[in-house]
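Accompanying notes for the structure given below.
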Amino acid sequence: MYAIKIYKNPDDNEIAWTTFMFSVNYLMLLFVALLVDHYWLITL
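Numbering (our numbering), first residue to last: 61 to 104.
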């Protein structure tokens, strides 16, 4: 949805900043999940 909002209104810095923060938080969560998966040995 943010990409469409940016496409329709490219001069709105607030939408761009919100999109950037969402992507940074998403990547952080993804890398934390990868680290947890790597170091947390689950034996079934």
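Even for Gly, the Cβ is constructed at its ideal location relative to N, Cα and C.
* To do: Tell me whether the beta-carbon of TYR62 lies closer than 9 Å to the beta-carbon of THR79.
  => For TYR62 and THR79, yes; Cβs fall inside 9 Å.
* To do: Helix, strand or coil for ASN73, going by three-state DSSP, please let me know.
  => The answer is helix: DSSP assigns ASN73 an H, G or I state.
* Inter-residue spacing [alpha-carbon to alpha-carbon] between ASP72 and SER83 -> If you take the alpha carbons of ASP72 and SER83, they lie about 17 Å apart.
* **Same chain, Cβ closer than 8 Å to MET88, neighbours up to 5 away in sequence not counted** => Cβ within range, chain order: n/a, list empty.
* Quick one: grab the DSSP three-state call for LEU101. => The three-state secondary structure of LEU101, taken from DSSP, is coil.
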